[in-house]
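Peer 1:
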Amino acid sequence: MDKPKAMAGSRAYSLWRRQAPAAIALIPAAVMVVTIYLGAMLWTVRLSFSSSKMLPVFDLVGLQQYDRLFATERFVLSSWHIALFGVLFIAGSLAIGFLLAVFIDQKVRFEDAFRTIFLYPYSMSFIVTGLAWQWFLNPSLGLQKVVRDLGFANFTFDWLVQPDLVMFTLVIAAIWQASGLVMAILLAGLRGVDSELWKATQIEGIPTWRVYMSIVLPMLSPMLVTASVLLAVSVAKLYDLVVAMTKGGPGLSSEVPAKFIMDNFFERANVGLGSAAATMLLVTVVALVGPWIYVEHLRPRRNKA
Amino acid sequence: MTVATVPQGARPKTFDKGRLLVYAVLLIASAFFLTPLWVMLMTSFKTMAEIRQGQILAWPQHFTVDAWFKAWSSACTGLTCDGIRVGFWNSIRILVPSVILSIALGGLTGYAMTFYRVRGANLLFAILLIGAFIPYQVFIYPMVRLFSIIGIYDSLTGIVVVHIVFGLSLMTLLFRNYFSSLPIELFNAARVDGAGFLTILRHVVLPMSAPIIIVATILQVTGIWNDFILGLTFAGRDNRPMTVLLNNIVNSQQGEAAYDVDMAATILTAIVPLAVYFASGRWFVRGVAAGAVKG
Amino acid sequence: MSAVSVKDIGVTFGGLKVIEGLSLDIRAGEFIVLLGPSGCGKSTLLNAIAGLIDVSDGQVWMGDKNVTWAEPKDRGIGMVFQSYSLYPRMTVEENLSFGLRIARTPKTEIANRVSRAAAMLHLEPLLRRKPAELSGGQRQRVAIGRALVRNCDVFLFDEPLSNLDAKLRTELRIEIKKLHQEIGNTMIYVTHDQVEALTLADRIAVMKSGVIQQFASPHDIYHKPANAFVAGFIGSPTMNMIDGEIAGRDGAVAHKSPAGAIDLSRYAFLRSPAAGAATFGIRPEHVGLGAAPAGRHRGNGKVTLIEPMGGETVVWTEFGGKPFVIKTDGEVDFGLGDAIDFHFEPARASVFDASSGERM
Numbered sequence: 053m054d055k056p057k058a059m060a061g062s063r064a065y066s067l068w069r070r071q072a073p074a075a076i077a078l079i080p081a082a083v084m085v086v087t088i089y090l091g092a093m094l095w096t097v098r099l100s101f102s103s104s105k106m107l108p109v110f111d112l113v114g115l116q117q118y119d120r121l122f123a124t125e126r127f128v129l130s131s132w133h134i135a136l137f138g139v140l141f142i143a144g145s146l147a148i149g150f151l152l153a154v155f156i157d158q159k160v161r162f163e164d165a166f167r168t169i170f171l172y173p174y175s176m177s178f179i180v181t182g183l184a185w186q187w188f189l190n191p192s193l194g195l196q197k198v199v200r201d202l203g204f205a206n207f208t209f210d211w212l213v214q215p216d217l218v219m220f221t222l223v224i225a226a227i228w229q230a231s232g233l234v235m236a237i238l239l240a241g242l243r244g245v246d247s248e249l250w251k252a253t254q255i256e257g258i259p260t261w262r263v264y265m266s267i268v269l270p271m272l273s274p275m276l277v278t279a280s281v282l283l284a285v286s287v288a289k290l291y292d293l294v295v296a297m298t299k300g301g302p303g304l305s306s307e308v309p310a311k312f313i314m315d316n317f318f319e320r321a322n323v324g325l326g327s328a329a330a331t332m333l334l335v336t337v338v339a340l341v342g343p344w345i346y347v348e349h350l351r352p353r354r355n356k357a
Numbered sequence: 202m203t204v205a206t207v208p209q210g211a212r213p214k215t216f217d218k219g220r221l222l223v224y225a226v227l228l229i230a231s232a233f234f235l236t237p238l239w240v241m242l243m244t245s246f247k248t249m250a251e252i253r254q255g256q257i258l259a260w261p262q263h264f265t266v267d268a269w270f271k272a273w274s275s276a277c278t279g280l281t282c283d284g285i286r287v288g289f290w291n292s293i294r295i296l297v298p299s300v301i302l303s304i305a306l307g308g309l310t311g312y313a314m315t316f317y318r319v320r321g322a323n324l325l326f327a328i329l330l331i332g333a334f335i336p337y338q339v340f341i342y343p344m345v346r347l348f349s350i351i352g353i354y355d356s357l358t359g360i361v362v363v364h365i366v367f368g369l370s371l372m373t374l375l376f377r378n379y380f381s382s383l384p385i386e387l388f389n390a391a392r393v394d395g396a397g398f399l400t401i402l403r404h405v406v407l408p409m410s411a412p413i414i415i416v417a418t419i420l421q422v423t424g425i426w427n428d429f430i431l432g433l434t435f436a437g438r439d440n441r442p443m444t445v446l447l448n449n450i451v452n453s454q455q456g457e458a459a460y461d462v463d464m465a466a467t468i469l470t471a472i473v474p475l476a477v478y479f480a481s482g483r484w485f486v487r488g489v490a491a492g493a494v495k496g
Numbered sequence: 246m247s248a249v250s251v252k253d254i255g256v257t258f259g260g261l262k263v264i265e266g267l268s269l270d271i272r273a274g275e276f277i278v279l280l281g282p283s284g285c286g287k288s289t290l291l292n293a294i295a296g297l298i299d300v301s302d303g304q305v306w307m308g309d310k311n312v313t314w315a316e317p318k319d320r321g322i323g324m325v326f327q328s329y330s331l332y333p334r335m336t337v338e339e340n341l342s343f344g345l346r347i348a349r350t351p352k353t354e355i356a357n358r359v360s361r362a363a364a365m366l367h368l369e370p371l372l373r374r375k376p377a378e379l380s381g382g383q384r385q386r387v388a389i390g391r392a393l394v395r396n397c398d399v400f401l402f403d404e405p406l407s408n409l410d411a412k413l414r415t416e417l418r419i420e421i422k423k424l425h426q427e428i429g430n431t432m433i434y435v436t437h438d439q440v441e442a443l444t445l446a447d448r449i450a451v452m453k454s455g456v457i458q459q460f461a462s463p464h465d466i467y468h469k470p471a472n473a474f475v476a477g478f479i480g481s482p483t484m485n486m487i488d489g490e491i492a493g494r495d496g497a498v499a500h501k502s503p504a505g506a507i508d509l510s511r512y513a514f515l516r517s518p519a520a521g522a523a524t525f526g527i528r529p530e531h532v533g534l535g536a537a538p539a540g541r542h543r544g545n546g547k548v549t550l551i552e553p554m555g556g557e558t559v560v561w562t563e564f565g566g567k568p569f570v571i572k573t574d575g576e577v578d579f580g581l582g583d584a585i586d587f588h589f590e591p592a593r594a595s596v597f598d599a600s601s602g603e604r605m
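Residue numbers (this note's numbering), protein chains in the order written: chain D, 53 to 357; chain H, 202 to 496; chain W, 246 to 605.
1) List the residues of chain D whose Cβ lies closer than 7 Å to the Cβ of H:S231, in chain order.
2) How is the beta strand (DSSP E) around W:E552 delimited, first residue to last?
3) In chain W, what lies closer than 9 Å to D:K251 by C-beta?
4) When the Cα of D:L15 is compared with those of D:V154, D:W95, D:M219, which residue comes out closest?
5) Go ahead and pull the three-state DSSP assignment for W:G505.
6) What residues of chain W sit near H:G210, judged by a beta carbon separation below 7 Å?
7) Within a Cβ cutoff of 7 Å, which residues of the same chain sit near H:V204, ignoring the five residues on either side of it in sequence?
8) Kindly indicate which three-state DSSP category W:M324 falls into: helix, strand or coil?
9) In angstroms, rounded to a whole number, what distance separates the CA positions of H:F485 and H:L420?
10) Return the first residue and the last residue of the alpha helix (DSSP H) that W:T573 is part of.
11) Nearest to W:P553 by CA position, among W:E603, W:E563, W:D578, W:F569, is which residue?
12) Measure the beta-carbon distance from W:F478 to W:V532 and round it to whole angstroms, keeping in mind my assumption that it falls under 8 Å.
13) Can you name the residues of chain D whose CB is closer than 9 Å to the CB of W:R373?
14) Quick one: is H:L280 near chain D, going by C-beta distance under 9 Å?
15) What would DSSP say about D:Y264, mapped onto helix, strand or coil?
16) For D:L151, which of helix, strand or coil comes out of DSSP?
17) Quick one: is W:V312 near chain H, going by C-beta distance under 9 Å?
18) Run through DSSP, which three-state label would W:H588 get?
19) Sorted by chain position, which residues of the same chain lie with C-beta nearer than 7 Å to D:G300's C-beta, five sequence neighbours on each side aside?
20) To the nearest angstrom, how far is the alpha carbon of W:S502 from that of W:K567?
21) Using the beta-carbon of each residue, which ones in chain W are nearer than 8 Å to H:V207?
22) Are the segment 110–129 of chain D and the segment 199–217 of chain D in contact at 8 Å, needing three or more beta carbon pairs?
23) Quick check on DSSP: helix, strand or coil for H:M440?
24) For the 8 Å Cβ check, are there 3 or more pairs between the segment 103–117 of chain D and the segment 365–379 of chain H?
25) Could you please give the first and the last residue of the uninterrupted beta strand (DSSP E) stretch that includes W:Y434?
26) Just the Cα atoms here: how many angstroms apart are H:L329 and D:M265?
27) I'd like the list of long-range same chain contacts for W:A377, defined as Cβ closer than 8 Å, with 5 residues on each side in sequence excluded.
28) Please decide whether H:G359 counts as near chain D, where near means a Cβ-Cβ distance under 9 Å.
29) Let me see if you follow: with CB-CB separation under 9 Å, is D:D292 close to chain H or not?
30) Nearest by alpha-carbon distance to H:V319: which of D:E348, D:A284, D:Q71 is it?
31) With a threshold of 6 Å on Cβ separation, who are the neighbours of W:V498 within its own chain once the five nearest residues in sequence on each side are excluded?
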């Protein structure tokens with residue numbers, strides 16, 4: 053039997069009444085998403101196809117800016133630099149973070165103190181980290197002098213001013229900041245390993261280090277992936293650390309894409325070129341991170357009214 | 202003739218080389234992590250004369266806090282030389298509204314998304330999430346133009362809006378995850394009692410949200426205080442945060458660098474997030490882990 | 246020489262003595278069950294035998310070797326745990342062979358042992374699967390297989406069936422019994438489930454608060470419980486206990502209580518019975534309904550509750566003013582409130598000293 057139209061209408065009405073406040077509550081977020089997350093991003097991509105210099109120009113010049121981009125030494129260099137940085141930084145942070153987590157997991161005394169020490173750099177700004185390491189690695193007054201004073205007269209650590217080596221100083225500073233984060237993530241995972249698993253390995257006589265490498269590490273792979281993605285995002289965003297520690301120098305030898313983009317937007321009045329570089333950055337990040345986001349987060353959730 | 206002891210009772214404690222290794226590694230790692238901080242502190246308490254001698258690890262021969270006073274009130278941060286305290290207060294003025302509003306909006310959005318079925322909410326969330334991973338440089342230029350047109354570029358309002366916008370994805374994710382883990386029965390019971398959208402938020406959900414609000418506050422306070430690039434671009438000359446002024450003090454100097462003042466200024470800038478870190482203890486780790494759920 | 250023996254051991258956890266002065270001798274090839282309620286120390290004892298926890302006093306022997314200070318891997322044991330503890334990211338085959346690979350066993354030997362264990366436990370079709378793809382019962386078989394490949398003398402089981410549902414528990418229980426019949430190794434098995442204990446064990450050690458109450462065959466534990474605790478722990482429904490006192494002497498001893506005077510002349514006392522407070526215990530399944538054959542003690546009462554269980558029926562009534570339970574085959578033809586007659590043979594009962602709880 054059909055429901056009377058009035059009743060069906062009122063049911064739809066009460067459903068709407070229930071959802072309406074929620075819909076209204078989502079308006080600010082929706083506005084921000086549309087104007088900034090989507091709008092600004094699309095506009096940047098649009099500008100990359102224009103000839104904009106100091107101010108936006110709404111013409112279309114095809115791939116001209118991109119041609120320019122790949123012919124610009126600064127951009128090509130910055131891409132190599134960030135790739136090198138990315139690989140070393142992620143690998144180094146994962147390795148050191150894992151080691152720290154494993155060693156802290158050994159039921160050591162002062163565990164809280166150690167954890168506090170390893171994680172505090174993560175609470176600081178990249179600017180602070182960059183300036184601290186810039187000073188610590190100062191060629192004449194820093195680490196080099198310390199080791200020389202210990203008797204190693206020929207020790208050199210002037211990497212900050214060596215074009216071939218300066219990227220490595222950035223890697224060291226970044227690992228110093230981020231491995232505590234990896235440690236915190238992995239430690240949570242280590243604590244989730246069943247104690248009966250450890251008993252079983254004791255009965256089988258498997259040495260502890262082997263248990264960590266062959267059994268526990270594979271169990272941690274979701275967390276390692278999570279940590280890697282987080283680190284990768286920092287790699288793409290790398291700007292503050294470079295500005296503080298090396299200013300891109302010496303010369304162009306620590307130039308990175310984020311800095312290239314900012315410089316072209318705001319100092320060199322090359323909006324079109326900067327937009328092209330920004331678009332390249334966008335494409336790279338989406339390609340690397342997109343699949344992972346889908347798998348982890350965009351599955352249907354429970355708890356709906 | 203020795204008599205072999207019969208094994209019985211508790212095992213005799215043998216010297217464990219393994220534990221020695223563990224502690225050694227942890228101590229060496231601690232040295233690695235603490236040395237830059239130590240160096241910064243020591244430098245800030247020395248005179249330039251002593252610094253030029255180059256013993257950066259050593260305790261000051263003449264312990265002095267002069268550099269700290271100079272950094273606070275008379276260091277040159279560009280055109281003016283009023284010290285980094287200007288930046289400190291600017292950062293506070295940026296921090297308070299940004300933290301409160303970004304958490305409020307994130308909480309509201311997360312609540313609406315978790316308990317209600319609004320068409321398009323999932324798509325909204327997906328875009329927010331992906332947006333969290335994209336570097337600011339992809340959005341920044343159009344935002345600058347837009348804010349200019351509206352009139353909030355180079356203003357306190359502008360930088361606060363920027364922080365709310367960019368904080369939205371992490372905050373929404375945090376709250377949405379947290380609310381999803383609350384028992385739906387509470388929500389349903391309140392609905393049966395006739396409570397509406399805001400009533401449930403105020404009387405059912407909010408009282409249960411203390412843990413996630415603490416976590417969100419820690420993450421936002423640390424993130425916004427430590428921000429450099431957004432403050433540099435959007436805050437305007439009068440509102441430059443401490444990080445920006447710090448960079449000016451250290452990296453844009455004429456003549457010889459005043460390392461003592463530089464280091465004092467650096468530590469001053471790091472004090473607020475460090476204080477939050479030490480005060481929050483396990484909450485910080487929880488926040489990091491919850492934020493890691495995002496990534 | 247025993248296969249496993251524990252001499253006067255004590256185990257302390259953070260200042261608390263969980264086990265004190267406990268000794269146990271297990272013969273080669275025996276299937277021993279450590280049975281008791283939660284917290285009785287059975288898992289602690291098993292872990293001490295395994296070497297996973299240290300004893301604070303006493304010695305642990307395996308055969309003719311004193312293993313008190315030996316590492317678990319050097320004690321010749323294999324162990325199966327409650328939550329399986331398989332290596333999650335390895336296949337079944339890798340799980341079985343991992344320990345052997347670490348010990349640098351030759352590849353052919355590893356292959357031999359793995360295929361033998363897989364055959365015995367019907368694991369062949371599962372060798373390429375990972376633990377997450379296995380059912381609970383399959384995972385437990387892999388866990389047993391992992392112990393099997395070690396070719397050890399003694400197998401230890403720590404409540405391996407507790408996480409399984411009832412049907413699976415029965416199936417795996419039978420498999421474990423068949424395994425013992427096939428390979429004949431000494432097995433020490435911890436459980437709180439008396440059915441598992443009674444069906445699997447050659448001998449059961451009933452434990453309470455860190456002390457072994459009785460160490461005997463299932464038959465003796467069931468028919469001649471050493472004290473009131475054991476009597477009450479084994480058997481479902483629990484043994485009927487009637488408080489009263491022993492009176493009379495020599496040939497004419499009886500148990501006097503509100504339930505009447507029960508003639509104990511045919512009861513096998515451990516020692517000459519002294520007069521005094523005593524508890525008379527008779528199992529519900531040893532109580533018969535209806536007219537009593539000669540020599541049996543008779544009683545009657547009103548039915549207060551009937552629990553039909555399909556093949557059996559549990560009848561609740563009153564005897565001497567206290568609840569009295571009777572278990573009988575099939576169904577009953579009386580109802581609630583009816584008066585019934587019942588009877589039992591005192592020689593099948595157990596009499597306990599009221600103060601010590603010990604069997605008399």
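For each residue, glycine too, the CB sits at the ideal point set by N, CA and C. Note that the structure is predicted; figures quoted are calculated from it, not measured.
Peer 2: In short:
1) F166, I169
2) 550–553
3) N292, A295, L297, P317, M324, F326, S330, D403
4) In the structure displayed, chain D extends from 53 to 357; residue 15 of chain D sits before or after that span and is not available.
5) strand
6) V300, S301, D302, G303
7) Note that H:V204 scores 47 on pLDDT, short of 50, meaning its location in the model is unreliable and no value can be drawn from it.
8) strand
9) 8 Å
10) It is not in any alpha helix (DSSP H) - W:T573 instead sits in the beta strand (DSSP E) that spans 567–574.
11) W:D578
12) In fact, because the Cβ distance is near 20 Å, the residues do not count as touching under 8 Å.
13) The premise fails here: W:R373 is roughly 17 Å from chain D at the closest Cβ pair, so nothing lies under 9 Å.
14) no
15) helix
16) helix
17) yes
18) strand
19) V294, S306, E307, K311
20) 11 Å
21) Q304, N311
22) no
23) In the sequence under discussion, the amino acid at residue 440 of chain H is Asn, which differs from the Met named in the question. Correct three-state label for H:N440: helix.
24) no
25) 431–436
26) 37 Å
27) P333
28) no
29) yes
30) D:Q71
31) L509, P518
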